[in-house]
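Protein chains: 2
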Amino acid sequence: MSKKSISIKDIAKLAGVSIATVSRVINRNGKVAPETEKKILQVMEENHYVPNLLAKGFRTQKFTTIGIIVPDISIEFFSKIAKKVQTIFFEKGYATIICNTNEDYKMERQCINMLQAQHVGGIIHIVSVTTEKEKKTSIPTVYIDREPAYGNTKKDMVLIESDNVSGGYQATNEMIKKGCKKIICFCPKDKGSTHIKRWDGYCKAMEETGGKPRLVSLDNVSEVDAYEKAIELFGKDKEIDGVFATTDLIAIGVLKALKELKIKVPSQVKVFGYDNSLLSEIATTPIATVEQPIELMSEKAAEMLEKLMDGERPEESHIVVPVKLVKRKTGK
Amino acid sequence: MSKKSISIKDIAKLAGVSIATVSRVINRNGKVAPETEKKILQVMEENHYVPNLLAKGFRTQKFTTIGIIVPDISIEFFSKIAKKVQTIFFEKGYATIICNTNEDYKMERQCINMLQAQHVGGIIHIVSVTTEKEKKTSIPTVYIDREPAYGNTKKDMVLIESDNVSGGYQATNEMIKKGCKKIICFCPKDKGSTHIKRWDGYCKAMEETGGKPRLVSLDNVSEVDAYEKAIELFGKDKEIDGVFATTDLIAIGVLKALKELKIKVPSQVKVFGYDNSLLSEIATTPIATVEQPIELMSEKAAEMLEKLMDGERPEESHIVVPVKLVKRKTGK
DNA sequence: TTGAAAGCGCTAACAC
DNA sequence: GTGTTAGCGCTTTCAA
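Line order of the protein sequences matches chains A and B. Quick note, the first sequence lines up with residues 1 to 332 if you use the UniProt record's numbering. Quick note, the second sequence lines up with residues 1 to 332 if you use the UniProt record's numbering.
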């Protein structure tokens, strides 16, 4: 295969110095005579020398690789988190390994093992909905978004999430303010902690205003299921004038059903989604939605992970960042 | 930080054998007495021993990590490629490092350096539009989708792409068959080789049928620019009855403009996008589009990369896979 | 069938 | 300022 890459030893020989001196130049520690340094740098340049990070991490036991585990990289919200986290760590000189679990706990376990074998310094983890109950590694880990199942022992778990309860609450309240009398929540309840929290927020808003929470329970997060259940529901119940969907994709499904039933949005029925995805923005009928501060969440997570990797016990282990309503001006 | 992880030496001591024997068990080579093996396996199990892949790769110079470089992981097409490639290699026991370049050649160069320093065995690379002219590494690399700038020396470059020319051609022809007389192409021409090829396909179809190719040149791939240019164009030219957009997002922008101008799709104007993204599927007016075989492209790429890593010179270094039209039934 | 030992590229402690 | 050297976890000859 491609010729063996050139090592510190080769550089030392070519520059006529010892490997220790070359090492000093690479790491900019210890004293080195200016002309020696210049010479070494020149040789490194000429030979396109790239230090072997494997050997370095191996030697120092300092690992400059970070693992990111997501349930599905092709979902906008997760890919944005991964992108941001990666960018942050890249700037700090870390490599990042992004892993997909496809929402499968077996894949998840394998990912963790693999990351452990690769000796990553830390992990940013968005758990899959089928995640296992026990913590499976001693590698410093920060969870984002979804709450791991073993979360009852909160102390030893760092979680960054947005305020899902508040998101559900605010969205629902906004519709109530706009005059909605009968608001339904479309939610896949067994698809992770976040949906449940959004549902809780919805319930809170409803109950505060004397309304009765109503759930359309979905089997998955596709727009198809939402569409079908919406067709059925709106076919028989003409009083509904608001829908809170716990994610944008669901809102899109509902929207399609409403369009087909010739029910006008938002004049007859208001629809709220969740995530401020590209979808919600560019849908021909744009949908109001709840935006999670992805950048902030990623920054917090990176910050916490760095602390963990430095051996610090963070004072707060559960950070909840605020969400923001995104209203849209729509035609009809 | 987390306690030092347990090494082969610890296992050897606990099992009362030498590290060489443990190594043999791990790698299933060399002869080991059954009971010795059993004992060792038991000790490994009890202590949750995970072999240090860093040390292993370091020692053997066999690297079981693959790098994937994409211009923007938050774009559906790229994230799907990354997901598929990662899944394929995961099953073969490789770890994958996914890197974002944000379409920036400086980031790209850094990514390559980093992957080289991490001693990845191979790279799957979707170049950024600002990519540099020279090949920058001797690591086995397979390009997907976009053609690198130094592609004139095709021999030493492996590229997997879908048939963009044919995609443009087929989409345009489809509209011509449906009776369109004046078809316009919306295309960001300086945004990579793929758009240019789609434009070429469009031109071919137009010229074959005696039509004149017309270009609306976009500054970027956002739907905003497409929207604005469409508003202007359709405001003054009422004869246009077809649009070929070189990506779905652009089609969405055009669609918005048409809706605002109360021009009916597809009865008055037909719109074709590209990529069969979720967007095109669930847009309230679904758009016809061209689908690239993402899975197939990923599989081919993985296959070629494995060959390169094994030191084989592949017989064909430029693979073009076919695309498929996705027509939609629409309301109006 | 098993063990001893060299060495992969690098850093850091120590000697000069 | 610079060189020598041990050793990180592992594989792989070579001997026993």
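We treat Cβ as the ideally placed atom computed from N, Cα and C, and that holds for glycine.
### Query
Buried or exposed: where does glutamine 170/B fall if 16 or more other Cβ atoms within 10 Å of its Cβ makes it buried?
For the purposes of this step, residue 170/B is taken as the residue at position 170 of the second sequence. Taking all protein chains in view, the Cβ of glutamine 170/B is crowded by 16 or more other Cβ atoms within 10 Å, so the residue is classified as buried.
#### Entry: Buried versus exposed, by CB contacts within 10 Å (16 or more), lysine 256/A
Start at 1 with the first residue of the first sequence, and residue 256/A comes out as number 256. The residue is buried, with at least 16 neighbouring Cβ atoms inside 10 Å.
### Query
So what does DSSP say about alanine 251/B, is it helix, strand or coil?
Taking the second sequence and counting its residues from 1, one reaches residue 251/B at position 251. Here alanine 251/B sits in helix by DSSP.
### Query
How long is the line joining the alpha carbons of histidine 195/B and serine 162/B, rounded to whole angstroms?
Your numbering for residue 195/B matches position 195 in the second sequence. Your numbering for residue 162/B matches position 162 in the second sequence. Approximately 12 Å between the Cα atoms of the pair.
### Message
Please classify arginine 198/A as buried or exposed, where buried requires at least 16 neighbouring CB atoms within 10 angstroms.
### Response
Within the first sequence, numbered from 1, the residue matching residue 198/A stands at position 198. Label assigned to arginine 198/A: buried.
### chain A within 8 Å of asparagine 47/B, Cβ atoms only
Start at 1 with the first residue of the second sequence, and residue 47/B comes out as number 47. So, not an interface residue.
### Query
Relative to the C-alpha of glycine 300/B, which residue among Val32/B, Tyr143/B and Ile19/B is closest?
Translated into positions along the second sequence, residue 300/B becomes position 300. Note that residue 300/B is lysine in the sequence shown here, rather than glycine. The alpha carbon of lysine 300/B has as its nearest neighbour, out of Val32/B, Tyr143/B and Ile19/B, the alpha carbon of Tyr143/B.
### Message
Between which residues of its own chain and glutamate 239/A is the CB-CB distance below 8 Å, once the five residues before and five after are set aside?
### Response
Taking the first residue of the first sequence as 1, we reach residue 239/A at position 239. Sequence-distant Cβ neighbours of glutamate 239/A in its own chain, meaning closer than 8 Å and more than five residues away, are Lys181 and Lys182.
### Query
For the stretch 69–91 of chain A, which residues have a CB atom closer than 8 Å to at least one CB atom of chain B, in sequence order?
Sequence-ordered contacts of the stretch 69–91 of chain A with chain B read Asp72, Ile73, Ser74, Glu76, Ser79, Lys80, Ala82, Lys83, Gln86, Thr87 and Phe90 [C-beta pairs closer than 8 Å].
### Query
Nearest-angstrom Cα distance between serine 2/B and tyrosine 150/A?
Against the second sequence, residue 2/B aligns to sequence position 2. Against the first sequence, residue 150/A aligns to sequence position 150. Legend: pLDDT at serine 2/B = 42, less than 50; position of this residue unreliable, value from coordinates given subsequently. Looking at the two C-alpha atoms, the distance is approximately 19 Å.
### Message
Rounding to the nearest angstrom, what Cα-Cα distance links threonine 96/A and lysine 62/B in this structure?
### Response
Working through the first sequence from its first residue, we reach residue 96/A at position 96. Working through the second sequence from its first residue, we reach residue 62/B at position 62. Each residue's Cα considered, the two are about 20 Å apart.
### Task
State buried or exposed for glutamine 42/A, treating a residue as buried only when at least 16 other CB atoms are found within 10 Å of its CB.
To locate residue 42/A, count along the first sequence from 1; it is residue 42. Exposed, since its Cβ has fewer than 16 Cβ neighbours within 10 Å.
### Task
Enumerate in chain order the residues of its own chain whose CB-to-CB distance from isoleucine 252/A is below 8 Å, with the five nearest sequence positions on each side excluded.
Stepping through the first sequence from its first residue, residue 252/A is reached at position 252. Shown here for isoleucine 252/A: same chain residues with a beta carbon closer than 8 Å to its own, the five before and five after excluded, namely Glu223, Ala226, Gly273, Leu279, Ser280, Ala283 and Ile287 in chain order.
#### Entry: Coarse secondary structure for alanine 245/A, derived from DSSP in three states
Indexing the first sequence from 1 puts residue 245/A at position 245. Alanine 245/A falls in the strand class under three-state DSSP.
### Local Cβ density within 10 Å of proline 71/B, reported as buried at 16 or more and exposed below that
For this step, residue 71/B is matched to residue 71 along the second sequence. Counting Cβ neighbours within 10 Å, proline 71/B comes out buried, since at least 16 surround it.
### Query
Rounded to whole angstroms, how far is the Cβ of glutamate 108/A from the Cβ of threonine 131/A, which I believe are closer than 8 Å?
Your numbering for residue 108/A matches position 108 in the first sequence. Your numbering for residue 131/A matches position 131 in the first sequence. The Cβ separation is near 6 Å, so the contact holds.
### Message
Which same chain residues end up closer than 7 Å to valine 32/B when comparing Cβ atoms and leaving out the 5 residues on each side of it in sequence?
### Response
One-based indexing of the second sequence puts residue 32/B at position 32. Here the set comprises Thr21, Arg24 and Val25.
### Task
With 9 Å as the C-beta to C-beta threshold (strictly closer), list the residues of the stretch 220–238 of chain A near chain B in chain order.
Those residues of the stretch 220–238 of chain A that come within reach of chain B (Cβ to Cβ, closer than 9 Å) are Glu223.
### Query
Could you check where the alpha helix (DSSP H) with serine 166/A kicks off and where it finishes?
Within the first sequence, numbered from 1, the residue matching residue 166/A stands at position 166. Judged by DSSP secondary structure, serine 166/A falls within the alpha helix (DSSP H) whose first and last residues are 164–177.
### Query
Given that a residue counts as buried once 16 or more other Cβ atoms are within 10 Å of its Cβ, and exposed if not, what is glycine 331/A?
To locate residue 331/A, count along the first sequence from 1; it is residue 331. Since pLDDT at glycine 331/A reaches only 45, below the 50 mark, its modelled position is unreliable, and no value is offered.
### Query
At what residue ranges does the stretch 54–108 of chain B contain a whole run of the beta strand (DSSP E), taking only runs of 3 or more?
DSSP runs (the beta strand (DSSP E)) wholly in the stretch 54–108 of chain B: 65–70 and 95–100.
### Query
Do we get a CB-CB distance below 8 Å when we pair methionine 297/A with the residues of chain B?
Sequence index remark: in the first sequence, residue 297/A carries index 297 (1-based). With 8 Å as the cut-off, methionine 297/A does not count as an interface residue toward chain B.
### Query
In whole angstroms, what separates the C-alpha of leucine 258/B from that of lysine 236/A?
As a working mapping, residue 258/B is identified with position 258 in the second sequence. As a working mapping, residue 236/A is identified with position 236 in the first sequence. Looking at the two C-alpha atoms, the distance is approximately 34 Å.
### Task
Report the neighbours of histidine 119/A on chain B: residues whose CB is nearer than 7 Å to its CB, in chain order.
Translated into positions along the first sequence, residue 119/A becomes position 119. Residues of chain B passing the Cβ test: Asn52 and Leu54.
### Task
Please list the partners that glutamine 116/B has in chain A, where partner means a Cβ-to-Cβ separation under 8 Å.
Here residue 116/B corresponds to residue number 116 of the second sequence, with the count starting at 1. The CB of glutamine 116/B comes closer than 8 Å to the CB of Ser5 and Val50 in chain A, given here in chain order.
### Query
Which residue comes first and which comes last in the beta strand (DSSP E) that contains isoleucine 8/B?
Counting from 1 along the second sequence, the entry for residue 8/B is found at position 8. Note, isoleucine 8/B: premise wrong, no beta strand (DSSP E); alpha helix (DSSP H) at 8–15.
### Query
What in chain A is Cβ-close to residue 341/B, meaning under 7 Å?
Residue 341/B lies beyond the stretch modelled for chain B, which goes from 1 to 332, so this question has no answer here.
### Query
Relative to chain A, which residues along the stretch 262–285 of chain B have a C-beta separation below 8 Å, given in chain order?
Cβ contacts with chain A: Leu278, Leu279, Ile282, Ala283, Thr284 and Thr285.
### alanine 230/B - DSSP class collapsed to helix/strand/coil
Counting from 1 along the second sequence, the entry for residue 230/B is found at position 230. In the structure shown, the three-state DSSP call for alanine 230/B is helix.
### Query
Name the chain A residues whose beta carbon is nearer than 8 Å to that of isoleucine 8/B?
Taking the second sequence and counting its residues from 1, one reaches residue 8/B at position 8. Here the premise fails: no neighbours, minimum Cβ distance about 13 Å.
### Query
Mind pulling the chain B residues with CB within less than 8 Å of alanine 287/A?
In the first sequence, the residue the question calls residue 287/A occupies position 287. First, the amino acid is wrong: residue 287/A is isoleucine here, not alanine. Proximity of chain B to isoleucine 287/A at the Cβ level (cut-off 8 Å) is not reached, the minimal Cβ distance being about 10 Å.
### Query
Can you tell which of Lys84/B, Lys92/B, Cys99/B and Asn113/B has the C-alpha that lies nearest to the C-alpha of asparagine 100/A?
Locating residue 100/A in the first sequence gives position 100, counting from the first residue. Measuring from the Cα of asparagine 100/A, the nearest candidate turns out to be Lys84/B.
### Message
Here's the rule: buried if 16 or more other CB atoms are within 10 angstroms of the residue's CB, otherwise exposed. What is aspartate 310/A?
### Response
If you number the first sequence from 1, residue 310/A lands on position 310. Exposed, by the Cβ-count rule.
### Counterpart residues of glycine 122/B in DSSP-defined beta bridges
Locating residue 122/B in the second sequence gives position 122, where the first residue counts as 1. For glycine 122/B, the beta-bridge partners assigned by DSSP are Ile66/B.
### Query
Which term fits proline 322/B, buried or exposed, when burial requires 16 or more other beta carbons within 10 angstroms of its beta carbon?
Along the second sequence, one-based indexing puts residue 322/B at 322. Residue burial annotation: proline 322/B is exposed, with fewer than 16 other C-beta atoms found within 10 angstroms of its C-beta.
### Message
Please report the straight-line C-alpha distance between aspartate 219/A and lysine 229/A, rounded to a whole angstrom.
### Response
Against the first sequence, residue 219/A aligns to sequence position 219. Against the first sequence, residue 229/A aligns to sequence position 229. Distance between the alpha carbons of aspartate 219/A and lysine 229/A: 10 Å.
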